[in-house]
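Chains as they are written, first to last, in the working numbering: chain D, 21 to 133; chain B, 0 to 114.
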């Protein structure tokens with residue numbers, strides 16, 4: 021079982037609220053990722069990090085921001101949620117190297133009403 | 000755009016049949032990985048095949064890699080209802096080096112195995 025955790029599992033909030041999705045891993049992985057996925061659809065990389073104090077935007081433009089102050093923690097923040105942000109957000113991590121598998125959290129299903 | 004494109008997008012078979020999913024990618028790779036996702040959950044790693052390998056087996060899974068065609072296939076033999084899930088291929092977009100590379104996923108194939 022992967023040691024990567026996302027909270028909350030489900031979140032329903034009103035438009036304009038600020039939210040933070042939490043992601044933590046206890047495997048000491050340097051790389052962490054956030055993906056956005058609509059039901060039955062492909063995963064879009066929105067943010068990733070390859071170590072403390074490094075963050076990069078992914079291929080899909082996102083209004084969210086991330087931080088990586090500690091190796092184990094990679095939170096994602098939306099300053100002002102909108103209905104268009106409704107989606108599933110998946111966090112993942114893997115070790116630096118060419119042949120390392122990624123471990124995923126269970127995801128956060130966000131609904132903005 | 001995503002590195003991997005998968006085919007078919009959806010596949011429905013009877014229990015006991017084999018299921019084959021294909022993945023094509025665009026750039027040079029060091030390895031290609033396959034993942035499984037049950038509905039509403041995170042992804043789980045299935046198998047990794049290196050660029051110098053042509054075929055790899057793991058239980059009922061068989062993965063092939065053709066680097067000349069930039070394609071890979073995942074075969075699930077003797078499928079079971081519990082194999083119902085979405086399957087994704089993934090490659091590493093180097094972005095300079097493997098240390099800073101990012102993992103990019105294909106569109107996925109949704110497999111339904113009917114009992």
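Glycine is no exception: its CB is placed at the ideal position from the N, C-alpha and C atoms.
How would you write the range of the beta strand (DSSP E) that residue i sits in, first residue to last?
| i | result |
| --- | --- |
| residue 81 of chain D | Segment: none, residue 81 of chain D is in no beta strand (DSSP E) and carries neither H nor E. |
| residue 92 of chain B | 84-92 |
| residue 65 of chain B | 60-65 |
| residue 43 of chain B | 42-49 |
| residue 42 of chain D | 39-45 |
| residue 9 of chain B | 9-13 |
| residue 159 of chain D | Given that chain D is displayed from residue 21 to residue 133, the structure contains no residue 159 of chain D and the question cannot be resolved. |
| residue 20 of chain B | 18-24 |
Apart from the five residues just before and just after residue i, which ones in its own chain have a Cβ nearer than 7 Å to its Cβ?
| i | result |
| --- | --- |
| residue 102 of chain D | 35, 132 |
| residue 74 of chain D | 88 |
| residue 127 of chain D | 26, 108, 109, 110 |
So is residue i in contact with chain D if we call contact Cβ pairs under 8 Å?
| i | result |
| --- | --- |
| residue 111 of chain B | no |
| residue 75 of chain B | no |
| residue 59 of chain B | no |
| residue 37 of chain B | no |
Got a sec? Which residues, its chain only, sit under 6 Å from residue i by beta carbon, not counting five neighbours each side?
| i | result |
| --- | --- |
| residue 115 of chain D | 49 |
| residue 47 of chain D | 23 |
| residue 76 of chain D | 68 |
| residue 76 of chain B | 17, 59 |
| residue 41 of chain D | 96, 109, 128 |
| residue 48 of chain B | 31, 55, 62, 64 |
Applying the criterion that 16 or more other CB atoms from any shown protein chain within 10 Å of the CB defines a buried residue, is residue i buried or exposed?
| i | result |
| --- | --- |
| residue 5 of chain B | buried |
| residue 62 of chain B | buried |
| residue 83 of chain D | exposed |
| residue 117 of chain D | exposed |
| residue 112 of chain B | buried |
| residue 38 of chain D | exposed |
| residue 101 of chain B | buried |
| residue 56 of chain B | exposed |
| residue 26 of chain B | exposed |
| residue 86 of chain D | buried |
Answer with yes or no whether the minimum CB distance from residue i to chain C is below 8 Å.
| i | result |
| --- | --- |
| residue 115 of chain D | Looking for chain C here will not work: the only protein chains present are D and B. |
Give a yes or no on whether 8 Å exceeds the smallest Cβ distance from residue i to chain B.
| i | result |
| --- | --- |
| residue 48 of chain D | no |
Within the same chain, show all residues whose beta-carbon is closer than 8 Å to that of residue i, passing over the 5 residues directly before and after it, in chain order.
| i | result |
| --- | --- |
| residue 52 of chain B | 64 |
Going along the stretch 48-81 of chain D in order, which residues come within less than 9 Å of chain B, judged by CB to CB distance? Within the stretch 48-81 of chain D, those residues whose Cβ lies closer than 9 Å to any Cβ of chain B are, in chain order, 50, 51, 53, 55, 57, 59, 60, 61, 62, 63, 64, 65, 68, 70, 71, 74, 76, 78, 79.
Counting only Cβ-Cβ distances shorter than 7 Å, please list the residues of the stretch 12-35 of chain B near chain D, keeping chain order. Listed by position, the residues of the stretch 12-35 of chain B near chain D (Cβ gap below 7 Å) are 29, 30, 32.
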